[in-house]
Each structure stands twice: as structure tokens, then as C-alpha cells.
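By the UniProt record's numbering, the letter at position 108 of the sequence shown is numbered 108, and the numbering carries on one by one without gaps. Ideal placement from N, C-alpha and C gives every residue a C-beta, glycine not left out. Model, not experiment: these values are computed from the prediction.
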Amino acid sequence: MIPVHAGEKRPALPQWKQYQDKRAEMSTVVEWFTRNPGWGLGLVCGQVSGGLEMLELEGRAAHLEPEIAELAEASGLGELFNRIANGWTEQSPTGGVHYFYRIDRKPTPGNTRLAQTDERKVLAETRGEGGFVVIAPTDGTHHATGVAWTARTGSPSSMPVITGEEHEALWDIFKAFNEYAPPKPVEPAPPIAVGDTGGIKPGDDFDAKTAWAEILEPHGWTVVFKRGGTVYWRRPGKNKGVSATTGHAKDRDRFYVFSSSTVFTPEKPYTKFAAYALLNHDGDYREAARALAAEGYGQPAKKILQKHHLSMVPTVGQALSDGNTAIKPQKPVLELVVSIPRGSQDYEAREFVEQYRDRLCYCPEWGKWVAWNGTIWVPQDIKTGGIARELMKEYLRSLPDDSKEERAYKTKILSDGQISARLNMARTDREIVHRESEFDQHPFELNTPGGIVSLADSELSPSVPERLHTKTTGVTPDFDMKTPLWNKFLAQTFKGDQEAIGYMQRLAGYSATGELQEHVLPFLYGSGGNGKSVFLEVVLKCLGGYATVAPPNFLMVKNKNDETEFTVLIGKRLVVCSEVNTSSRFDEQRLKQLTGDATIPARFLYGESFTFTASHTLWLVGNHKPKITAGGESIWRRLQLVGFNYTVPREEQIKNLSERLFKEEGAGILAWIIIGAVEYFAVNGLYPPQTVIQDTLEYEEEEDAIARFVEQCLIIGGGEYVRVSSADMNARYRAWCSAENEKEISATALARELRGDKYRLGKAKSMSTRYFTNVTLANTGEDEPGDPFRDLGGGL
Numbered sequence: 001m002i003p004v005h006a007g008e009k010r011p012a013l014p015q016w017k018q019y020q021d022k023r024a025e026m027s028t029v030v031e032w033f034t035r036n037p038g039w040g041l042g043l044v045c046g047q048v049s050g051g052l053e054m055l056e057l058e059g060r061a062a063h064l065e066p067e068i069a070e071l072a073e074a075s076g077l078g079e080l081f082n083r084i085a086n087g088w089t090e091q092s093p094t095g096g097v098h099y100f101y102r103i104d105r106k107p108t109p110g111n112t113r114l115a116q117t118d119e120r121k122v123l124a125e126t127r128g129e130g131g132f133v134v135i136a137p138t139d140g141t142h143h144a145t146g147v148a149w150t151a152r153t154g155s156p157s158s159m160p161v162i163t164g165e166e167h168e169a170l171w172d173i174f175k176a177f178n179e180y181a182p183p184k185p186v187e188p189a190p191p192i193a194v195g196d197t198g199g200i201k202p203g204d205d206f207d208a209k210t211a212w213a214e215i216l217e218p219h220g221w222t223v224v225f226k227r228g229g230t231v232y233w234r235r236p237g238k239n240k241g242v243s244a245t246t247g248h249a250k251d252r253d254r255f256y257v258f259s260s261s262t263v264f265t266p267e268k269p270y271t272k273f274a275a276y277a278l279l280n281h282d283g284d285y286r287e288a289a290r291a292l293a294a295e296g297y298g299q300p301a302k303k304i305l306q307k308h309h310l311s312m313v314p315t316v317g318q319a320l321s322d323g324n325t326a327i328k329p330q331k332p333v334l335e336l337v338v339s340i341p342r343g344s345q346d347y348e349a350r351e352f353v354e355q356y357r358d359r360l361c362y363c364p365e366w367g368k369w370v371a372w373n374g375t376i377w378v379p380q381d382i383k384t385g386g387i388a389r390e391l392m393k394e395y396l397r398s399l400p401d402d403s404k405e406e407r408a409y410k411t412k413i414l415s416d417g418q419i420s421a422r423l424n425m426a427r428t429d430r431e432i433v434h435r436e437s438e439f440d441q442h443p444f445e446l447n448t449p450g451g452i453v454s455l456a457d458s459e460l461s462p463s464v465p466e467r468l469h470t471k472t473t474g475v476t477p478d479f480d481m482k483t484p485l486w487n488k489f490l491a492q493t494f495k496g497d498q499e500a501i502g503y504m505q506r507l508a509g510y511s512a513t514g515e516l517q518e519h520v521l522p523f524l525y526g527s528g529g530n531g532k533s534v535f536l537e538v539v540l541k542c543l544g545g546y547a548t549v550a551p552p553n554f555l556m557v558k559n560k561n562d563e564t565e566f567t568v569l570i571g572k573r574l575v576v577c578s579e580v581n582t583s584s585r586f587d588e589q590r591l592k593q594l595t596g597d598a599t600i601p602a603r604f605l606y607g608e609s610f611t612f613t614a615s616h617t618l619w620l621v622g623n624h625k626p627k628i629t630a631g632g633e634s635i636w637r638r639l640q641l642v643g644f645n646y647t648v649p650r651e652e653q654i655k656n657l658s659e660r661l662f663k664e665e666g667a668g669i670l671a672w673i674i675i676g677a678v679e680y681f682a683v684n685g686l687y688p689p690q691t692v693i694q695d696t697l698e699y700e701e702e703e704d705a706i707a708r709f710v711e712q713c714l715i716i717g718g719g720e721y722v723r724v725s726s727a728d729m730n731a732r733y734r735a736w737c738s739a740e741n742e743k744e745i746s747a748t749a750l751a752r753e754l755r756g757d758k759y760r761l762g763k764a765k766s767m768s769t770r771y772f773t774n775v776t777l778a779n780t781g782e783d784e785p786g787d788p789f790r791d792l793g794g795g796l
């Protein structure tokens with residue numbers, strides 16, 4: 001057990017991670033809570049707590065608990081779920097359910113998402129090894145809702161213990177409610193099969209005509225339970241639980257497996273044809289299509305014509321019968337039949353694709369070939385084709401040249417135009433095309449020169465082309481490397497404040513992920529020589545291709561809004577916005593747009609406009625604080641002001657410190673960043689220290705011109721019959737801005753601020769006059785505009 005910070009839901013101890021491996025002495029625990037009665041209660045999950053894991057059903061998914069219980073009962077796991085649900089459980093402030101249990105003689109996995117909505121909002125997840133969770137009776141001051149954590153059933157003494165097999169089965173039950181699937185499988189699309197020259201492809205025909213039972217039951221899969229359109233399946237060799245679903249996705253009936261003990265890749269959707277191909281033909285789509293065509297699926301294969309022959313062939317619709325009534329034949333149509341004759345450009349393009357599709361692909365949106373270099377997929381030169389051109393030459397050089405005719409043909413095709421022609425034909429082949437949306441689709445992975453790191457648990461796995469990563473970090477992380485210079489730099493820069501250092505580590509780790517879970521804009525400010533540039537330069541170097549620097553004044557008001565600027569953000573994780581001037585002013589609409597989770601419009605130079613999904617976290621750095629004209633809750637809840645207030649004496653400054661840090665300790669610093677991400681997921685948040693919160697509040701007070709106008713010029717209260725006309729309100733606001741040398745916002749923006757959640761002024765209309773209600777103008781000692789009684793909306 002460890003304490004929860006007063007007024008928040010993060011650990012109260014800056015060095016809390018030491019308790020991921022060892023328990024605090026009881027005397028220490030007593031001292032914590034005796035000295036700090038406002039602290040809440042938290043637990044560290046994992047082996048330190050006897051193999052404890054917490055499974056959370058989020059508030060948005062709490063209504064699913066009866067369905068989960070029903071599925072557990074139907075799959076033979078009713079007794080297990082009843083033990084869990086009636087053991088030690090608690091209710092979270094958002095109405096979710098926390099199930100606590102211990103896993104017997106099996107390592108506790110790290111924090112894991114079990115189910116998400118199709119919009120990637122979490123439905124169920126766990127807190128596992130090293131994970132942190134707040135427990136009852138922590139009160140509502142620790143949560144934004146003001147609601148406390150409450151006991152639901154049992155207590156720690158009634159916490160159930162489950163076996164490793166039961167643990168896997170429990171996870172599978174919750175995984176069955178997952179709605180999210182990747183936009184598209186990453187493996188190449190099925191090749192053009194027999195029958196693709198017209199009519200219906202065998203695979204499509206098979207999908208339309210075949211039931212899942214016909215595909216799965218011959219291979220030992222059994223139906224466990226049906227609810228609505230969803231069918232729950234159990235894998236062969238298993239007697240209890242569920243392993244997969246069909247009919248659960250909203251867009252298409254697919255087979256979704258969440259068990260790892262099958263030939264199917266877990267958490268990846270399969271069509272009926274894809275499942276058939278894997279079960280019966282080892283995933284060979286071409287062979288599967290041939291076999292289905294032989295069984296009569298799809299349009300029958302047509303005769304392959306000889307080289308250079310094209311033919312208009314009449315095809316007559318066949319009479320169909322259900323055994324009683326014949327259906328009238330369709331009208332004859334003319335259909336073009338095209339061959340792929342040996343020796344044609346088409347044939348050689350196809351053979352090229354077959355030979356190199358594992359290390360080469362084409363992206364239509366980029367207009368570029370993309371090559372696998374063993375670590376990442378690298379876009380090639382758009383004009384020459386880069387390595388793709390070299391591989392085509394390599395393939396053409398390998399063609400036979402034994403006869404005179406073959407040598408003449410080979411000489412002919414090894415020319416610039418002939419090579420380009422074959423590349424142009426190859427780049428539309430479905431087996432080699434990958435859309436832009438398929439690349440870099442694993443936001444919680446960090447690709448490094450030494451392999452792929454999971455940001456959820458820091459596990460390292462080999463780099464593989466199927467993950468379609470196009471970026472890599474600047475160095476391979478080394479979790480055993482000591483970083484004395486980096487540690488000294490952090491201690492000096494933040495004056496030994498471990499809470500601030502821990503926050504910066506979580507912030508850097510979160511910024512290494514590619515999914516926006518926090519609407520946040522960290523602003524690192526302070527005079528020169530205080531470490532902020534060194535910190536960012538080192539983090540940028542460590543993250544390599546995942547990080548970049550935005551154009552100057554990227555978030556500031558400019559005369560022209562250029563969508564081409566936004567292309568710098570595509571696919572990035574950390575984006576640093578450079579120094580700002582004293583006179584700079586935030587473009588507040590752009591700030592909201594680029595720090596939210598909406599799609600962003602962009603355009604390449606001379607290209608058409610398009611949109612992309614944000615994956616970046618913006619950081620702002622400057623010696624000066626920019627002006628914020630309107631402010632508003634949406635701005636201030638994003639901004640986190642991080643002061644770099646220690647100026648290193650000139651005699652202690654180290655030349656080229658960022659270069660030295662990266663060169664000597666970069667591998668260890670990248671590991672520090674990754675550990676920050678793991679901790680972010682473990683505590684489920686950034687949790688800025690009090691210094692950051694206080695600095696940001698002071699900045700808000702300095703910059704919130706609307707708040708100062710309200711304080712100096714308005715008296716709020718009195719109800720709907722106490723009124724100020726819009727004309728008088730706007731006149732008073734313009735006069736105040738002129739006197740205070742503040743830049744005015746529009747009348748519409750002013751009305752929006754005053755009627756928003758902060759001030760809650762009402763509105764009314766009498767005849768042609770519009771009013772703000774529940775407010776009067778303060779007497780500032782100057783003549784009030786117009787007749788004061790007219791603010792009541794009528795005469796006396």
C-alpha cells in the first residue's frame with residue numbers, strides 16, 4: 001500500500017517506484033498517513049502484492065456486467081466469474097467496477113487493455129505488474145467528479161486466488177467484448193485469383209455462401225453461446241471459456257480471435273475466405289482461391305489466350321434452377337478476356353512482385369516505392385524509384401540469355417524506358433500496395449535500431465516488416481546503462497525536486513506514444529542557460545524519426561494560415577515549437593485544433609487538401625510567455641507551465657552538453673524515456689507537480705483579460721430580470737480594452753465567454769434589443785452608457 005496525493009489520484013511519493021519491488025514497513029505506512037491525513041489509499045499490483053491484479057470494467061462499460069456474467073455462465077466459467085464478482089470488488093468514481101484477485105504461481109502480466117470501443121475508448125483493462133490503483137475509501141477530493149471510491153463486495157481478506165488457466169479464461173471473457181479492430185490487416189491483400197477477369201471472385205463467392213460453422217467446426221471449433229448477432233466460439237482442445245467471436249463487428253462479419261493458442265493471430269479480424277485459407281492452405285490465398293474455384297465458387301476460369309491476342313467473347317447467362325422453376329437466361333454480353341503471357345511487361349511485373357513483395361511495397365498516397373531495410377520501411381526517391389529500380393534491374397538481369405533471341409530481348413528490356421514501364425505496372429499490384437493509413441499504426445510501440453519496444457511494459461521484440469514501421473529512434477535503449485551525467489543534469493536543473501523530475505519523465509514517455517489520451521501543451525519557459533534547450537535537444541535526438549521541430553511561430557497568430565505547415569506533424573510523436581518573442585500571441589483556435597484528437601486538415605505543396613489523425617504531442621519552449629487574448633477553460637486545461645528557473649553559472653556550463661549526453665548516455669536516456677511511458681500507463685496519468693499547477697494558475701491570472709474585465713466592470717447576480725444590453729456590454733468592453741491596452745476579441749467571442757460555464761450569464765431579447773441577464777455594469781466612477789433603467793428591459 002502507498003499513499004495517494006491530496007486532491008489527486010497519483011502516488012504521493014516522488015520515489016514511489018521503489019515500492020514496485022518491495023513493501024513498505026508498517027511503521028512507515030503509519031507515519032505517512034499520520035502526518036498527511038488528506039492522503040488517499042493506493043495499491044501497487046504485481047508480485048510485490050502477492051500476484052495481485054486489478055481488472056477494471058470502465059464506467060462507460062458497467063452496463064455490460066450482466067452480459068459478461070451470462071457469457072461466463074454459458075461458457076462453463078460461471079463459478080469463476082461469481083468468485084471474482086463476489087470477492088473483493090469496488091466501484092470507481094465514474095461508476096466502473098474494480099475486480100481484485102491474485103494469480104497463483106504465474107507471473108502477473110503488465111497493464112493490459114482487454115476491450116475497446118470502435119473509437120478506441122477503453123472498456124476493460126487491467127493493472128498488473130508494477131501498476132498503481134486507487135482504492136476505497138479514498139474520498140471524492142481525489143477525483144474530478146467529486147465522487148469517492150467505494151467498496152462493493154468483500155474486502156482484501158476475501159480476495160480470490162485463481163490459477164493461471166483461470167486467469168487466461170477470465171481475460172478471454174472480457175476480450176470477447178472488444179469492438180476495436182485495426183483499420184486493415186497488415187499482410188498483403190489476397191492475390192488476383194482465378195475468375196478475377198469478370199464476375200465474382202471465388203473468395204467473395206465463398207464469403208457470401210458459406211456459414212462460419214462450415215469453416216470452423218471441421219477443425220474442432222465449437223459454438224459456446226449466441227447473443228444478438230454475436231456468436232462466441234471455443235478453440236479445439238479447450239473445455240471451458242471462449243476463444244473467439246463472429247458477427248460482433250459493426251462493419252463486417254469477421255472471425256476475431258483473442259486466444260494465443262491457435263493458428264490465428266490474436267486480436268486480428270479474419271474474413272471467411274482468410275480463415276479458410278489459413279486452416280486449409282496454410283494461408284496461401286492463391287492456392288485457396290484455386291481450390292474454391294475447382295469446387296465451383298466464383299465465375300469459372302476462362303481460356304488463356306496466346307500472346308498479343310485479345311478477343312471479344314460472348315458469354316450467355318446460364319439457366320439456373322431450384323429444382324422446380326427455371327430462371328430465364330440473361331441476355332448475352334460481350335466480355336474482354338486478357339491473358340498474362342510470358343515475356344510481356346505484365347508478366348514480368350507480376351513475377352517481380354512475387355519475388356520482392358516481402359521487402360518492397362508501393363504507397364499510392366505518397367507516390368513512392370517503400371523498401372524494408374531490416375529495421376524500417378524507407379520511402380524511395382519519387383523520381384528514380386530508388387532501390388525499387390535497382391531490384392527491377394536485378395530481376396531483369398537474372399532472366400535467361402542462352403539463345404540469340406533471349407539475349408536480344410534482354411538487351412532491349414534493360415533500358416531506362418523498359419525498366420520504368422515494368423515498375424509502373426508493378427506498382428498497382430494489390431500484393432505490393434500498402435496505403436498510407438497502414439503505416440505506423442501501433443501507437444504504443446517504439447521502433448528502435450535494436451527492435452520494437454512496447455511502451456506499456458518496456459518489452460523488446462525483433463523488428464519485423466509486418467508491423468510497417470517507417471520510423472526509428474536515434475539509439476537502441478539500454479535499461480542497464482547508468483546515466484550519471486543525465487541524473488546530475490536533471491538534479492541541477494530542477495533543484496533536486498524529484499516530483500518535478502518524475503513528471504518530466506512521464507511527460508517525455510507519454511510524448512513517445514502515438515495516441516492522444518491527454519489534451520496537453522507543456523510550455524517550457526525561463527531565461528537562457530537554464531537547461532530547457534539541452535533537455536529537449538537530448539530527447540529529440542533519442543526519439544530520432546519520431547520527433548521533430550515545428551516551423552517558427554507555429555502556434556502564434558500570423559497573417560496567413562497555411563495548411564502546408566501541418567504536414568510536419570504527420571506520423572510524429574513529439575513536436576517542439578521553438579522560441580517565441582515577447583510580442584507573440586497564441587493563435588488560440590490553432591492551439592485547440594492541434595492539441596485535440598480531431599482530424600487535422602493539411603496539404604502538401606502544390607497538392608490537394610487531405611486530413612490526417614493526430615499522433616503528436618506539442619511542446620512549446622520560450623524565454624517569454626505569449627499573450628492569450630480570450631483564454632477559456634479549453635486553453636487553460638491544456639497548458640502546463642514548466643519553469644526552468646535555475647541558471648547554471650558560466651564557469652559550470654559544459655560546452656556541447658546535449659551532444660555529449662546523447663553520445664555517452666543516449667541509450668540509457670532513451671530507456672529513461674520508455675520507463676516514463678510505462679509509469680504513465682501504470683498510474684494512468686501525467687500528474688503535474690504543484691509547482692507546475694501553481695505556475696499555470698498564475699499565468700492564467702496574468703493573461704485572462706476577460707476575467708479582469710469581469711472583475712473590474714461587471715457585477716454578476718440578480719437573476720434573469722437584471723440585464724445589460726449587448727450594445728452597452730460591448731461598449732464597456734471596448735472602452736476597458738482601450739484603457740488597459742488589451743487586444744479586443746469579437747462581440748461574438750465575448751458573448752461566448754460570458755455565457756460559458758465560467759460566468760454563466762443568460763440571454764434575453766426584448767423587441768429588437770438583445771440582453772445579457774444576471775449581470776449589471778459596475779460603477780467605475782465614469783458616466784454609465786445610456787439610461788440605467790433600460791437594463792431592466794422595460795420602463796418605470
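| Three-way DSSP call (helix, strand, coil) for LYS226 in this model | strand
| message | Whole angstroms are fine: how far does the CA of ASP429 sit from the CA of VAL378? | response | 19 Å
| Helix or strand or just coil, what does DSSP make of ARG467? | helix
| Continuous beta strand (DSSP E) stretch holding CYS577: start and end | 574 to 577
| field | VAL4, buried or exposed, once every other Cβ within 10 Å from all chains shown has been counted against 16 | value | buried
| query | By Cβ distance, which residues of its chain are closer than 7 Å to GLY50, with the 5 residues on each side in sequence left out? | reply | ARG102
| query | Taking the alpha carbon of GLU73 as the point to measure from, which residue in LYS226, ASP204, GLU119 has its own alpha carbon closest? | reply | LYS226
| query | For the candidate residues ARG770, ILE135, ALA731, THR246, whose alpha-carbon lies nearest to that of ARG10? | reply | ILE135
| Straight-line Cα distance separating TYR356 from GLN492 | 53 Å
| message | If distances are taken between C-alpha atoms only, which option among ALA277, LYS743, ARG603, TYR680 comes closest to PHE255? | response | ALA277
| message | Can you tell me which residues form a DSSP beta bridge with HIS98? | response | GLU56, GLU90
| request: State yes or no: is the C-beta of GLU90 within less than 8 Å of the C-beta of ALA144? | output: no
| task | With a 10 Å radius around its C-beta and 16 neighbouring C-beta atoms as the bar for buried, classify SER403 as buried or exposed. | result | exposed
| said: Taking its Cβ as the centre, do 16 or more other Cβ atoms sit within 10 Å of VAL534, making it buried, or is it exposed? | reply: buried
| Beta-carbon contacts of VAL775 that lie in its chain and below 6 Å, excluding the five residues immediately before and after | LEU714, ILE716, VAL724, LEU761
| field | Simplified DSSP state of SER766, which is helix, strand or coil | value | strand
| query | For THR617 versus SER511, is the C-beta spacing smaller than 8 Å? | reply | yes
| message | Quick check on GLN318: does DSSP put it in helix, strand or coil? | response | Low per-residue confidence applies at GLN318: pLDDT is 39, beneath 50, and the placement is therefore not dependable, though the value from the model is reported in the following sentence. Correct three-state label for GLN318: coil.
| query | What is the rounded straight-line gap between the Cα of ILE419 and the Cα of ARG389? | reply | 7 Å
| task | Look at the Cβ atom of LEU455, then the Cβ atom of ALA124, and state whether they are nearer than 8 Å. | result | no
| field | the stretch 105 to 125 in contact with the stretch 33 to 42 per 3-pair CB rule at 8 Å | value | no
| field | Residue burial classification, ASP104 (beta-carbon count within 10 angstroms, cutoff 16) | value | exposed
| Are the stretch 608 to 617 and the stretch 675 to 689 touching, with three or more C-beta to C-beta distances below 8 Å? | no
| message | Using C-beta distances below 7 Å, list every residue in its chain close to ASP322, excluding the 5 sequence neighbours before and after it, in chain order. | response | Because the pLDDT at ASP322 is just 40, under 50, the model does not fix this residue reliably, and the value given afterwards should be weighed accordingly. Excluding sequence neighbours, ASP322 sits near nothing in its chain.
| query | Quick one: what does DSSP say THR117 is sitting in, helix, strand or coil? | reply | coil
| request: Give the DSSP-derived three-state secondary structure of MET1 in the structure shown. | output: coil
| task | Can you tell me which of the three DSSP states LEU310 falls into? | result | For LEU310, the predicted structure reports a pLDDT of 38, less than 50, and the residue's modelled location is therefore unreliable. The matter cannot be settled from this model.
| query | Span of the alpha helix (DSSP H) holding THR108? | reply | Taken as a continuous stretch (DSSP letters only), THR108 belongs to no alpha helix (DSSP H), as it is neither H nor E.
| query | What is the DSSP secondary structure of LYS482, counted as helix, strand or coil? | reply | coil
| field | Rounded separation between ASN373 and ALA291 - CA only | value | 35 Å
| message | Applying the 10 Å Cβ sphere with the 16-neighbour rule, what's the burial state of ASP480? | response | exposed
| said: Residues in the same chain with beta-carbon distance under 6 Å from residue 800, minus the five sequence neighbours each way, listed in chain order, please. | reply: No information on residue 800 is available, as it lies outside the stretch 1 to 796 that the chain covers here.
| query | Run through DSSP, which three-state label would CYS737 get? | reply | helix
| request: Ignore the nearest five residues each way along the sequence and tell me which others in ALA747's own chain have a CB closer than 6 Å to its CB. | output: ASN730
| said: Quick check on DSSP: helix, strand or coil for LYS368? | reply: strand
| said: Using CA atoms only, rank isn't needed, just tell me which of ARG590, VAL224, LYS410, CYS577 is closest to LEU524. | reply: CYS577
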